[in-house]
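Asks: Under the UniProt record's numbering, the residue at position 2 of the sequence shown is numbered 2, and the numbers go up by one with no gaps.
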Amino acid sequence: MKKILVIIAVSVGIGCPAQTSNRAHSQDRDTQSLKDLFEGKFYIGTAMNRRQITGENQVAVDLITNQFNSITPENVMKSERIQPREGEFTFELADAFVEFGEKNGMHIVGHTLIWHSQAPDWFFTDEQGNDISPEVLKQRMETHIKTLVGRYKGRVHGWDVVNEAVLDDGSYRNSKFYQILGEEFIHLAFQFAREADPEAALYYNDYSMSNPGKRGGVVRMVRALHQKGIQIDGIGMQGHIGMKYPSLDEFEKSIITFADLGVNVMITELDLSVLPSPGNDGGAEITNTEAYHEKLNPYTQGLPDEVNAAFTERYLDFFNLFLKHSDKISRVTTWGAADSQSWKNNWPVRGRTDYPLLFDREYQPKRIVKALAE
1 MKKILVIIAV
11 SVGIGCPAQT
21 SNRAHSQDRD
31 TQSLKDLFEG
41 KFYIGTAMNR
51 RQITGENQVA
61 VDLITNQFNS
71 ITPENVMKSE
81 RIQPREGEFT
91 FELADAFVEF
101 GEKNGMHIVG
111 HTLIWHSQAP
121 DWFFTDEQGN
131 DISPEVLKQR
141 METHIKTLVG
151 RYKGRVHGWD
161 VVNEAVLDDG
171 SYRNSKFYQI
181 LGEEFIHLAF
191 QFAREADPEA
201 ALYYNDYSMS
211 NPGKRGGVVR
221 MVRALHQKGI
231 QIDGIGMQGH
241 IGMKYPSLDE
251 FEKSIITFAD
261 LGVNVMITEL
271 DLSVLPSPGN
281 DGGAEITNTE
291 AYHEKLNPYT
301 QGLPDEVNAA
311 FTERYLDFFN
321 LFLKHSDKIS
331 RVTTWGAADS
341 QSWKNNWPVR
351 GRTDYPLLFD
361 REYQPKRIVK
371 ALAE
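(1) Determine the DSSP secondary structure at Ala94, reduced to helix, strand or coil.
(2) Taking contact to mean at least 3 C-beta pairs separated by less than 8 angstroms, is the region 327 to 336 in contact with the region 257 to 271?
(3) Counting only runs of 4+ residues fully inside the region 198 to 277, write out the alpha helix (DSSP H) ranges in chain order.
(4) Could you tell me whether the Cβ atoms of Phe258 and Met221 are closer together than 9 angstroms?
(5) List the residues that DSSP assigns as beta-bridge partners of Pro365.
(6) Rounded to whole angstroms, what's the CA-CA distance from Gly150 to Ala196? Just pull it up for me.
(7) Can you check DSSP and say which residues form a bridge with Pro298?
(8) Would you kindly check if the distance between the Cβ of Asp339 and the Cβ of Phe318 is under 9 angstroms?
(9) Check Arg331 in the structure and name its three-state DSSP category.
(10) Taking the continuous beta strand (DSSP E) assigned at Ser70, which residues delimit it?
(11) Between Asn104 and the rest of its own chain, which residues show a CB-CB distance below 6 angstroms, the 5 nearest in sequence each way excluded?
(12) Quick one: grab the DSSP three-state call for Gly110.
(13) By how many angstroms is the C-alpha of Ser79 removed from the C-alpha of Gly351?
(14) Around the Cβ of Pro348, are there at least 16 other Cβ atoms within 10 angstroms (buried) or fewer (exposed)?
(15) Exposed or buried, Gly154, counting other C-beta atoms within 10 Å across all chains shown (16 or more means buried)?
(16) Please return the same chain residues whose Cβ sits closer than 6 angstroms to the Cβ of Tyr178, not counting the five positions on each side in sequence.
(17) Whole angstroms is fine: what's the gap from Arg50's alpha carbon to Asn75's?
(18) Between Phe68, Ala94, Ala371 and Glu142, which has its C-alpha nearest Phe185's C-alpha?
(19) For Ser273, does the count of other Cβ atoms within 10 angstroms reach 16, so buried, or fall short, so exposed?
(20) So, helix, strand or coil for Ser11, using DSSP?
(21) So, at 7 angstroms on beta carbons, what are the nonlocal neighbours of Phe68 in its own chain, with the 5 sequence-adjacent residues on each side left out?
(22) Taking Cβ to Cβ, would you say Ile241 is nearer than 9 angstroms to Asp271?
(23) Measuring only the C-alpha atoms, how far is residue 383 from Ala189?
(24) Could you please give the first and the last residue of the uninterrupted alpha helix (DSSP H) stretch that includes Ala309?
(25) Nearest-angstrom Cα distance between Glu252 and Asp327?
(26) Along the beta strand (DSSP E) that carries Val162, what are the first and last residues, could you check?
(27) Indicate the three-state DSSP secondary structure (helix, strand or coil) for Glu88 in the structure shown.
(28) My guess is that Asp250 and Pro212 are in contact by the Cβ rule of under 8 angstroms, so how many angstroms apart are they, rounded?
(29) Quick check on Ile44: does DSSP put it in helix, strand or coil?
(30) Along the chain, where does the alpha helix (DSSP H) that runs through Gly150 open and close?
(31) Pull the bridge partners of Trp115 from the DSSP assignment, please.
(32) Look at the alpha carbon of Asp62 and the alpha carbon of Asn346, and state the distance between them as a whole number of angstroms.
(33) List the DSSP bridge partners of Thr125.
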């Protein structure tokens, strides 16, 4: 979901592939891979960035192929990258991403077809810069979705069709899509995607999904789709979590509530921040940023033992919850493979050192991976 910003190297050291290759290949062979650990429960996936898709970061590629069996592109399929100017599609990186998944026998997720963020300005305006009519927006949506989904028909297994259209209070986000088309834009997006590939699974994806207000809004949205005869196959619960948020109980309520709608539940974009929050707990709105202060970046030299222990325990709590509901959950995807890749190093405060993923900056499994195996 999130736009990846430039990662700032800090004193913990962000190893380059050449320096870390031997370490990455010397991972503890007594530790089962994640994809083996969760076989028969759910897919375990990760998001891939450009350098991984192109093979420039071979150490990360080795980690992904060894540990994961599902992949999602961080940015290369978003509309501003795929169609930066009307009618000019740029498929090179998206093609490479799909080919990577096919070569390695992976479950492939396309991300994302319709999102208010990282969309090119032309999508909503005419040559004079005025908002386009509903008819024109419908046509542009149909062309974009059918061109992208149609290109990978039968190859991409599932699509995040609409991303982040509901606010925490359950109302619809006042995006350009909503301003011009109202909630119909959601119905049309799923309709166009289904027409382009009738066999692909179609998902709605959003953050703060344990929030009761948002939970209710998503339920109403899915029911409205069903009433119109529009199929939705899954709901992605973005797992941008912290040490104190969200509540496990509320997260579990959302898993159960969404599953009761007759759709698969997926845990998407999973990462666990250990850093102090500047005040936007639980959200993932990329426009909500804060200025850098040293007190908000306390672990530049690595995590203290007690923080590392708490981090491991918190992750275990969530994975225990996922396993408890593995009959409802089809996939768990971390938003990045190793800490150096994570968007959390630069959001909501740019230039911090965070440790949100299951593998460290040297591509080694953290204590949590061994704890999961045990």
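Every residue, glycine too, gets a C-beta built ideally from N, C-alpha and C.
Replies: The structure says:
(1) Of the three classes helix, strand and coil, the one that applies to Ala94 here is helix, per DSSP.
(2) Between the region 327 to 336 and the region 257 to 271 there are three or more inter-stretch CB-CB distances shorter than 8 angstroms, so the stretches are counted as touching.
(3) Within the region 198 to 277, the complete alpha helix (DSSP H) runs of at least 4 residues are 212 to 227 and 248 to 259.
(4) The answer is no: Cβ separation not under 9 angstroms.
(5) Beta-bridge pairing links Pro365 to Phe359.
(6) Cα-Cα distance, rounded: 5 angstroms.
(7) None; Pro298 has no bridge partner.
(8) Going by C-beta atoms, Phe318 is not nearer than 9 angstroms to Asp339.
(9) Strand, per DSSP.
(10) If you look at Ser70, you'll find it in the beta strand (DSSP E) that goes Ser70 to Pro73.
(11) Correct list, in chain order: Thr65.
(12) Under the three-state reduction of DSSP output, Gly110 falls in the strand class.
(13) The alpha-carbon atoms of Gly351 and Ser79 are separated by roughly 27 angstroms.
(14) With a 10 Å radius around the Cβ and a threshold of 16 neighbouring Cβ atoms, Pro348 comes out buried.
(15) By the neighbour-count rule (16 or more Cβ atoms within 10 Å), Gly154 is not buried but exposed.
(16) Tyr172, listed in sequence order.
(17) In this structure, the alpha-carbon of Arg50 lies about 8 angstroms from that of Asn75.
(18) Among Phe68, Ala94, Ala371 and Glu142, the Cα nearest to that of Phe185 is on Glu142.
(19) So Ser273 counts as buried.
(20) Low confidence applies here, because Ser11 scores a pLDDT of 33, under 50, leaving its location unreliable; read the following figure in that light. In the structure shown, Ser11 sits in coil (DSSP, three-state: anything other than H, G, I, E or B).
(21) Sequence-distant Cβ neighbours of Phe68 in its own chain, meaning closer than 7 angstroms and more than five residues away, are Leu34, Lys35, Ile44, Gly45 and Thr46.
(22) Yes.
(23) In the structure as shown, the chain begins at 1 and stops at 374. Residue 383 is therefore absent and cannot be evaluated.
(24) If you look at Ala309, you'll find it in the alpha helix (DSSP H) that goes Asp305 to Lys324.
(25) Each residue's alpha carbon lies about 13 angstroms from the other.
(26) Segment Gly158 to Asn163, the beta strand (DSSP E) holding Val162.
(27) Glu88 falls in the strand class under three-state DSSP.
(28) The sequence shown places Glu at residue 250, rather than the Asp named in the question. Glu250 to Pro212, Cβ: 7 angstroms. Contact.
(29) Three-state result, Ile44: strand.
(30) First-last of the alpha helix (DSSP H) with Gly150: Pro134 to Arg151.
(31) The partner list for Trp115 (beta bridge, DSSP) reads Asn163.
(32) Distance from the CA atom of Asp62 to the CA atom of Asn346, rounded to whole angstroms, is 25 angstroms.
(33) Looking at the DSSP output, Thr125 shares a beta bridge with Asp131.
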